[in-house]
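> Sequential numbering of the sequence shown, starting at 148, is according to this note's numbering.
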Amino acid sequence: MSRVRIPPGLIAFGIYLGTLALVLGRPMLLHPRHVCLCNGDSDPAITMWSLRWWPWAVAHGANPFVSHAVVPAFNTAAATTVPTAGLVLAPLTLTLGPVFAYNVVALVGPAIGGYTAFRLARRVTGATAPAFAAGYLYAFATTVVAHLTSLPHVFLAFLFPLMAELVIVRVAGGVRRRTFIAALALVLVLQLGISTEMLFDTVVIGAIVLITLMVAEPALRRRIPVLLGEIGLAGAIAAAVASPFLYYALTGPFPPKRADMPNSGALDALNPVIPTGVTHLGRHYFAAVSRRFELGNLTEAGGYIGIVLLVAYATFTISQWRRLATRVLFYVFAVSLVLALGAHLFVAGMRTIPMPYDVVARLPLFRSAVPSRAVVFAELAVALALAVWLAGRGRRRWLRWGVVAVGAGMLFPNTALPVWRGRERVPALFASRAYHRYIAKGATVLALPFAHQDNATLWQAKTGMYFKLSDAYLRFAPTSYSHGKDPALDAAVGQLLSPSTLNRAHLAHYLRVRHIDTIVLDAGRPSGYNDPPAVVYVWWSTLRRLGLRPSLAGGAFIYHLPARGRLR
148 MSRVRIPPGL IAFGIYLGTL ALVLGRPMLL HPRHVCLCNG DSDPAITMWS LRWWPWAVAH
208 GANPFVSHAV VPAFNTAAAT TVPTAGLVLA PLTLTLGPVF AYNVVALVGP AIGGYTAFRL
268 ARRVTGATAP AFAAGYLYAF ATTVVAHLTS LPHVFLAFLF PLMAELVIVR VAGGVRRRTF
328 IAALALVLVL QLGISTEMLF DTVVIGAIVL ITLMVAEPAL RRRIPVLLGE IGLAGAIAAA
388 VASPFLYYAL TGPFPPKRAD MPNSGALDAL NPVIPTGVTH LGRHYFAAVS RRFELGNLTE
448 AGGYIGIVLL VAYATFTISQ WRRLATRVLF YVFAVSLVLA LGAHLFVAGM RTIPMPYDVV
508 ARLPLFRSAV PSRAVVFAEL AVALALAVWL AGRGRRRWLR WGVVAVGAGM LFPNTALPVW
568 RGRERVPALF ASRAYHRYIA KGATVLALPF AHQDNATLWQ AKTGMYFKLS DAYLRFAPTS
628 YSHGKDPALD AAVGQLLSPS TLNRAHLAHY LRVRHIDTIV LDAGRPSGYN DPPAVVYVWW
688 STLRRLGLRP SLAGGAFIYH LPARGRLR
């Protein structure tokens, strides 16, 4: 009887998946349809809405790139709506719901990233155990773990090692030109459907590294231009395949507001060596320093690599500089880190000297990217370099393994944080089909608390886009909701964000302009964990002061307007 041999990559994937499930996913595994591997706030609710939107649009023959399920209409191609995940996971979303589908993304995504990093490291080193270590370091990189709280378009980083592996195989002559171009084009299309921002970072870093190699490595000067041409052709094919998506993303109607991120989203220079609240070890000792650059946002302060791994990486780089692989990895590490630091160097939260990024920071695509997220490529370079280091011969291999093990342990997440076990905050009105009795199909609903203060996008997703949602939190809040054409509307929106200031005239104007049929106020605690429960009472009393009387059903106050968009 022959023994079944399990591929090492599958074993590695299983270990990464199991470790992630045990460390961060236990609450979610007990209630996968109601507890998410996320913070439960309005940001992951955007992804849950997106997972439901894409199959809904396809099934109903709607334009998937412009959603009229929200008012005003929303350009889904110009935001982080992860169409790749939405279409691939459509069967799960339709049968088990958007929260369950989100949990699959959050649990499986980093494990696949570890697997693709394992493949890449094994191809580079030819050794299984060092490749496993590299995959682990990448799957549990701080950038990945920190963004697990809310942003799948960042923690779904499994295609970057695959792109690198394709390039390595092509350079080695292991794949035909036509096959390489087709495979890379497919990967680029898939990544485009996960994050245009991270694909943009990939293109920028890859181009700089390849040009650097062409200049600094004489042995590659003839090969790099050919490779750049093949990559360019793959990119052109990918752009042609995804041209409708790209059209709406770049020039389409109803664009979301673009935020200027080169400084506000920059990596602090101390972040790679100072642990934040996301990390278990050392967070208390360095809290006084880390608070200066966390600025209340643990997610975007996820650049911690650790002094042990960085010293090990420096040791490898210095001792093995003569190797081409060492220099390539260093170029990737250096370019990624410089890009992540943004337009100005921040040290402990203090802005200092301009950085190279400042030269391009005002260009459209660079202006809307978050620089700190590029550190994930530096983390991949460190993981691969350490795999090569571990695979090397010589004395004291056990010491190298010990150093990497300690460094990996220093990345262990702070499981005491509640940001990986968020409960869905959906009134029973929408968790059941009771909403049919109170809301007409296709009605326009104003959900309160307003915008980012509620989880209304998830309410809508749970109902299968049964109603339209006014000013849903799917984008950055614009400077003007009316593009400067209606000051009264802009004033009303400002008051909706601060209900105690709301007056009857502005509310009436908002209801009329947005053609509101029904107002729904969540009677429970709002989704934002920084919002006090008292905000519900403030809303209830404000609407009562304005003459509105609700019905109470399924944990929600429901206000029916006597005429569409009109107060009494």
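For glycine and all other residues, C-beta sits at the position ideal for the given N, C-alpha and C.
My output table needs one value for S437: the three-state DSSP class, helix, strand or coil.
Taking the sequence shown and counting its residues from 1, one reaches residue 437 at position 290. It is helical.
> Spatial neighbours of A638 within its chain, please: C-beta separation below 6 Å, excluding the five flanking residues on both sides.
The residue given as residue 638 occupies position 491 in the sequence shown. Result list for A638: H653, in chain order.
> Return the bridge partner residues of G569 from the DSSP annotation.
Within the sequence shown, the letter at position 422 stands for residue 569. Answer is C183, bridged to G569.
> Hey, how far is the Cα of L636 from the Cα of G589?
Along the sequence shown, read from residue 1 onward, the residue named residue 636 stands at position 489. Along the sequence shown, read from residue 1 onward, the residue named residue 589 stands at position 442. If I take the Cα positions, the gap works out to 23 Å.
> For G701, which option in A655, A516, Y620 and I586 has the closest C-alpha, if you only look at C-alpha atoms?
Sequence index remark: in the sequence shown, residue 701 carries index 554 (1-based). That would be I586, whose Cα lies nearest to the Cα of G701.
> In chain order, what residues of the same chain have a beta carbon less than 7 Å from the beta carbon of A703, not counting five sequence neighbours either side?
On the sequence shown, position 556 is the one that residue 703 refers to. For A703, where only same-chain residues beyond five positions count, the Cβ hits under 7 Å are P574, L576, V667, L668, D669 and A670.
> Report the residue from A472, L708 and N418 whose alpha carbon sits nearest the alpha carbon of G449.
As a working note, residue 449 is residue 302 in the sequence shown. Residue N418 is the option with its Cα nearest to G449.
> Under a three-way DSSP split, which group does P501 fall into?
Start at 1 with the first residue of the sequence shown, and residue 501 comes out as number 354. P501: strand per DSSP, three-state reduction.
> For A385, which residues in the same chain have their Cβ closer than 6 Å to its Cβ, ignoring the five residues on either side in sequence?
Here residue 385 corresponds to residue number 238 of the sequence shown, with the count starting at 1. Only A332, L335 and V336 meet the Cβ criterion.
> With DSSP as the reference, please indicate the residues paired to F221 in a beta bridge.
Stepping through the sequence shown from its first residue, residue 221 is reached at position 74. Answer is S214, bridged to F221.
> Who pairs with K615 in a beta bridge, going by DSSP?
In the sequence shown, the residue the question calls residue 615 occupies position 468. Its beta-bridge partners are T591.
> Any chance the segment 250 to 260 sits against the segment 290 to 305, with 3 or more Cβ pairs inside 8 Å?
In short, these stretches touch, since the Cβ pair count reaches three.
> Rank Y504, R509, F477 and E447 by C-alpha distance to the C-alpha of V291 and give the top, closest one.
Here residue 291 corresponds to residue number 144 of the sequence shown, with the count starting at 1. When only C-alpha atoms are compared, the closest one is E447.
> In or out: Y657 buried (at least 16 other Cβ within 10 Å) or exposed?
Taking the first residue of the sequence shown as 1, we reach residue 657 at position 510. Looking at its Cβ environment, which holds 16 or more other Cβ atoms inside 10 Å, Y657 is buried.
> Taking the beta carbon of Y706 as the centre, do at least 16 other beta carbons fall within 10 Å, making it buried, or is it exposed?
The count along the sequence shown starts at 1 and reaches residue 706 at position 559. Per the 10 Å Cβ criterion, buried.
> Look up S674 in the DSSP assignment and say whether it is helix, strand or coil.
The residue labelled residue 674 in the question sits at position 527 within the sequence shown. Here the model assigns S674 a pLDDT of 46, short of 50, so the residue's position is not dependable and the matter cannot be decided.
> Who are L488's beta bridge partners in DSSP?
Here residue 488 is taken as the residue at index 341 of the sequence shown, counted from 1. Beta-bridge pairing links L488 to no other residue.
> DSSP beta-bridge partners for Y706?
Walking along the sequence shown from the start, residue 706 turns up at place 559. Y706 pairs with I666.
> Going by alpha carbons, who is nearest to V523 out of L284, I663 and L239?
In the sequence shown, counting from the first residue as 1, residue 523 sits at position 376. Per the Cα distances, L284.
> Once DSSP output is grouped into helix, strand and coil, what is the label at P299?
Taking the sequence shown and counting its residues from 1, one reaches residue 299 at position 152. DSSP places P299 in helix when its eight states are reduced to three.
> Quick one: what's got a C-beta closer than 7 Å to V482's C-beta in the same chain, skipping five residues either side?
Position 335 of the sequence shown, counted from the start, is the residue given in the question as residue 482. Around V482: I352, I355 and V356.
> Measuring CA to CA, which of F287, T242 and P422 is closest to E526?
The sequence position of residue 526 within the sequence shown is 379, counting from 1. Here the closest residue by C-alpha is F287.
> Less than 8 Å between the beta carbons of Y249 and F160, yes or no?
Position 102 of the sequence shown, counting from 1, holds the residue named residue 249. Position 13 of the sequence shown, counting from 1, holds the residue named residue 160. No. Outside cutoff.
> Taking the alpha helix (DSSP H) that L337 belongs to, which residues open and close that run?
For this step, residue 337 is matched to residue 190 along the sequence shown. Segment R324 to L339, the alpha helix (DSSP H) holding L337.
> Bridge partners of S698, per DSSP?
Here residue 698 is taken as the residue at index 551 of the sequence shown, counted from 1. Beta-bridge pairing links S698 to I705.
> Who are the near neighbours of P154 in its chain, counting only those whose CB is closer than 7 Å to its CB and skipping five residues on each side?
Here residue 154 refers to the residue found at position 7 when the sequence shown is read from its first residue. No residues qualify anywhere along the chain.
> If you draw a straight line from the alpha carbon of T398 to that of P391, how long is it in whole angstroms?
Within the sequence shown, numbered from 1, the residue matching residue 398 stands at position 251. Within the sequence shown, numbered from 1, the residue matching residue 391 stands at position 244. Roughly 10 Å between the two C-alpha positions.
> Where do the ends of the alpha helix (DSSP H) carrying N250 lie?
Sequence index remark: in the sequence shown, residue 250 carries index 103 (1-based). Note, N250: alpha helix (DSSP H), P245 to T272.
> Which value, in whole angstroms, describes the spacing of the CA atoms of V683 and Q642?
Stepping through the sequence shown from its first residue, residue 683 is reached at position 536. Stepping through the sequence shown from its first residue, residue 642 is reached at position 495. For V683 and Q642, the distance between alpha carbons rounds to 15 Å.
> Of all the options R661, L295 and I500, which has the alpha carbon lying nearest to the alpha carbon of G569?
One-based indexing of the sequence shown puts residue 569 at position 422. Considering only alpha carbons, the answer is L295.
> Assign T464 to one of three DSSP states: helix, strand, or coil.
In the sequence shown, the residue the question calls residue 464 occupies position 317. Three-state result, T464: helix.
> My assumption, with CB atoms under 8 Å, is that A534 sits in contact with P277. Please give the rounded CB distance.
The sequence position of residue 534 within the sequence shown is 387, counting from 1. The sequence position of residue 277 within the sequence shown is 130, counting from 1. Indeed they touch by this definition, with Cβ atoms about 4 Å apart.
> Starting from G172, follow the alpha helix (DSSP H) in both directions and report where the run begins and ends.
Taking the sequence shown and counting its residues from 1, one reaches residue 172 at position 25. From DSSP, G172 is part of no alpha helix (DSSP H); its letter is neither H nor E.
> Among F327, G424, I341 and L393, which has the Cα closest to the Cα of I376?
For the purposes of this step, residue 376 is taken as the residue at position 229 of the sequence shown. The displayed chain sequence assigns Gly, not Ile, to residue 376. When only C-alpha atoms are compared, the closest one is F327.
> At which residues does the alpha helix (DSSP H) containing F597 begin and terminate?
If you number the sequence shown from 1, residue 597 lands on position 450. Where F597 is concerned, there is no enclosing alpha helix (DSSP H), given that its DSSP letter is neither H nor E.
> Using a 10 Å radius around the Cβ and a threshold of 16 neighbouring Cβ atoms, would you call W793 buried or exposed?
Missing from the structure shown is residue 793; the chain here goes from 148 to 715 and no further.
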